[in-house]
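Top line first, the protein sequences correspond to chains A and B. Read in this note's numbering, the first sequence has 27 at position 27, and its numbers run on one by one without any break. Read in this note's numbering, the second sequence has 1087 at position 87, and its numbers run on one by one without any break. Input: a single structure, listed below in structure tokens.
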Amino acid sequence: MPAAVPDLLFRTLADPTRRAIFEQLCRQGEQTVRALTEEAGVSQPAVSKHLGVLETAGLVRGRRAGRETHYRAQPRALAPLIDWMGLYATFWRERFDRLESLLKRMDQ
Amino acid sequence: MTQAASATANTRSVVVEREFPYPPEKLWRALTQNALIEEWLMHNDFRPVVGNRFQLRAPPSPHWNGVTDCEVLVVEPPKRLVYSWNATGDEVATGPKTVVTFTLTPTKAGTQLRMEQSGFGPQHENNYRGAGFGWQRFFTALEGVVANLN
């Protein structure tokens, strides 16, 4: 897997609005741009732009039907991130660092 | 120190282990006294009593109220401490419903502390937000998603 893949996924999902759109698609299944715009709290062109970025990253796929495009989440595209991150272990490792420093201070 | 994300039948665990150059009794204090817990983990109203319901509080973020609901399940000083670790607020339905187990094992040099957080499961499929602990939480959710892909 090229290193660029996680980079692109990270960058794509770093935007909270974009992440919310992706989340909604995961939760609700296929949605039109119009339906997504109602939820997103930003303009339809902005939603379309976010969808384009998500699609480039492989996180969503669009399907044209008449005048509307329907989008569907592709959660499988997240897989590279899972290998890349220490997940919750990162949180606990950091807390263990704090614990270590606390124990040192308790000595004094 | 070792760490791992392991998978069981339908849920996943995170394990973090580290050896500390102190006796188990000292670690036990750090794991069970409010002021000490706050220093390394989070603000809390923990009491080392089985059945005690307490909360861990982190600063709120836009998608998370910062509160984790917990219940003490096992207290065996100075060997084992177990509590549930559940999301609250908007995340009740989709956030982690997990169990945290601390195991303290005396070693020549001090104490081996093992933390296992288990129960990350299919309910996290919808939890994609980078709320709470930020990316860590976000990726916990993602792990649940990917774990359930065939």
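We put the CB at the ideal spot given by N, CA and C, even for glycine. All figures in this text were calculated on a predicted structure; none of them were measured in a lab.
Using DSSP with H/G/I as helix, E/B as strand and the rest coil, what is Pro1106 (chain B)? strand
Any idea which residues DSSP pairs Asn1052 (chain B) with across the strands? None; Asn1052 (chain B) has no bridge partner.
Given that Leu1022 (chain B) touches chain A, what residues does it touch there, using C-beta distances under 7 Å? According to the sequence as given, residue 1022 (chain B) is Tyr; it is not Leu. Result: Leu103.
Where do the N-terminal and C-terminal ends of the alpha helix (DSSP H) with Arg18 (chain A) fall, by residue? Pro16 to Gln28
List, in order along the chain, the chain B residues whose C-beta lies closer than 7 Å to that of Glu100 (chain A)? Phe1020
Can you pull the chain A residues whose beta carbon is under 9 Å from the beta carbon of Ala1040 (chain B), in chain order? Per the sequence shown, residue 1040 (chain B) should be read as Trp rather than Ala. Per Cβ cutoff of 9 Å: Arg95, Phe96, Asp97, Arg98, Leu99, Glu100, Ser101, Leu102 and Leu103.
Coarse secondary structure for Val42 (chain A), derived from DSSP in three states: coil
Could you check how far apart the C-beta atoms of Gly1051 (chain B) and Glu1025 (chain B) are, in whole angstroms? I think they sit under 8 Å. Their Cβ separation, rounded to whole angstroms, is 24 Å, which puts Gly1051 (chain B) and Glu1025 (chain B) out of contact at 8 Å.
Using the C-alpha atoms, what's the distance from Thr1098 (chain B) back to Leu1036 (chain B)? 23 Å
From the DSSP output, in three-state form, read off Asp97 (chain A) for me. helix
In this structure, does DSSP put His1124 (chain B) in helix, strand or coil? A caution first: His1124 (chain B) carries a pLDDT of 45, below 50, which makes its placement in the model unreliable, though a value can still be read off. His1124 (chain B): helix per DSSP, three-state reduction.
So the candidates are A:Arg105, A:Leu99, A:Asp107 and A:Phe91; which of them puts its Cα closest to the Cα of Val1014 (chain B)? A:Phe91
Buried or exposed for Arg18 (chain A), please, with buried defined as at least 16 other CB atoms from any protein chain shown within 10 angstroms of its CB. buried
What residues in its chain sit with their C-beta under 6 Å from that of Pro1048 (chain B), if we drop five residues either side in the sequence? Thr1032 and Val1075
Assuming Leu1073 (chain B) is part of the beta strand (DSSP E), what are its boundary residues? Val1067 to Glu1076
Interface flag, Val1050 (chain B) vs chain A, CB-CB below 7 Å: no
Spatial neighbours of Ile1107 (chain B) within its chain, please: C-beta separation below 7 Å, excluding the five flanking residues on both sides. The residue you asked about is not Ile; residue 1107 (chain B) is Thr in the sequence shown. Closer than 7 Å at the Cβ level, and outside the excluded window around Thr1107 (chain B), lie Glu1019.
Go to Ala73 (chain A), then tell me how far its beta strand (DSSP E) extends in each direction, as first and last residue. Glu68 to Ala73
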